[in-house]
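Below you can see the structure in the form of structure tokens.
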């Protein structure tokens, strides 16, 4: 999912919550804790919006949006001139959205109102809980590569943490407390590195001069 799809300023309003399915673009909660929060989860927390994930193997949770997609696909297939480019497809989608929301009456709404009429008539629930103070914890296992680096994904972005070539191929535990990171030797418990991660940088240098390249056994 392109970042511009979720990195918006919520010009209409900020909802109290947003439901999604369990695709990795929406949530990493079923990924075994390897990736931490992704970009969407981080942005929703920043906006104090509660994220509600659907239950696996429970299709009725997302049934309404899936029914909408079915209607949209049928409408697109019925058009006499089919789009040949992304721009032409987008133009057709804009026509469909306008027709669906502003003009097409819906049997499920009182007096067969349009979605736009129902939306305008209702009061809007906004964020009521301050989530900015929530702390994200996780522990993951990994192995430092032959260059002395271990990777860590934070807020949907992959970062490379410099540990040092002397620790190449060491199995480690990575303790994550938001941006505070500790890398510990999994066998001995030795603290190999502690840092506050800079989210704007890919590589997080050790700040030490490069060490010798360890010899590899043949």
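In our numbering, the protein residues as written are 47 to 264. Note that the Cβ used here is the ideal one computed from N, Cα and C, for glycine as well. Since the model is a prediction, treat every value here as computed from it, not as a measurement.
DSSP three-state assignment for residue i, whether helix, strand or coil
i: residue 131; result: coil
i: residue 61; result: coil
i: residue 72; result: coil
i: residue 248; result: coil
i: residue 140; result: helix
i: residue 91; result: helix
i: residue 239; result: strand
i: residue 228; result: strand
i: residue 155; result: coil
i: residue 234; result: coil
i: residue 97; result: strand
Buried versus exposed call for residue i [16 or more other C-beta atoms within 10 Å across all chains shown]
i: residue 72; result: buried
i: residue 208; result: buried
i: residue 246; result: exposed
i: residue 201; result: buried
i: residue 69; result: exposed
i: residue 74; result: buried
i: residue 215; result: exposed
i: residue 250; result: buried
i: residue 205; result: buried
i: residue 84; result: buried
Distance between residue j and residue i (C-alpha atoms, nearest Å)
i: residue 213; j: residue 241; result: 17 Å
i: residue 131; j: residue 162; result: 29 Å
i: residue 191; j: residue 229; result: 14 Å
i: residue 101; j: residue 66; result: 10 Å
i: residue 91; j: residue 63; result: 10 Å
i: residue 222; j: residue 235; result: 16 Å
i: residue 54; j: residue 86; result: Reliability of the predicted coordinates at residue 54 is poor, the pLDDT of 48 falling under 50, and the value obtained from them is presented with this limitation in mind. So the two alpha carbons sit approximately 11 Å from each other.
i: residue 149; j: residue 108; result: 24 Å
i: residue 136; j: residue 233; result: 55 Å
i: residue 146; j: residue 169; result: 21 Å
i: residue 120; j: residue 142; result: 11 Å
i: residue 211; j: residue 252; result: 11 Å
i: residue 153; j: residue 127; result: 29 Å
i: residue 122; j: residue 82; result: 38 Å
i: residue 224; j: residue 199; result: 11 Å
i: residue 140; j: residue 159; result: 20 Å
Same chain, Cβ closer than 8 Å to residue i, neighbours up to 5 away in sequence not counted
i: residue 50; result: Below a pLDDT of 50, predicted positions are generally treated as unreliable, and residue 50, at 45, falls in that range; the measurement from the model is reported next regardless. Cβ neighbours of residue 50 beyond the five flanking positions: none.
i: residue 88; result: 201 and 202
Near the ligand ZN: residue i beta-carbon under 7 Å from a heavy atom
i: residue 223; result: Questions concerning the ligand ZN fall outside what the structure shown contains, since it holds no ligand whatsoever.
Closer than 8 Å to chain B by CB, residue i
i: residue 71; result: Checking the listed chains, one finds no chain B in this structure; it contains a single protein chain.
>> Quick check on the DSSP output: what are the complete beta strand (DSSP E) runs of length 3 or more inside the region 160 to 215, in order along the chain?
In response: Listed in chain order, they are 183 to 189, 195 to 200 and 203 to 208.
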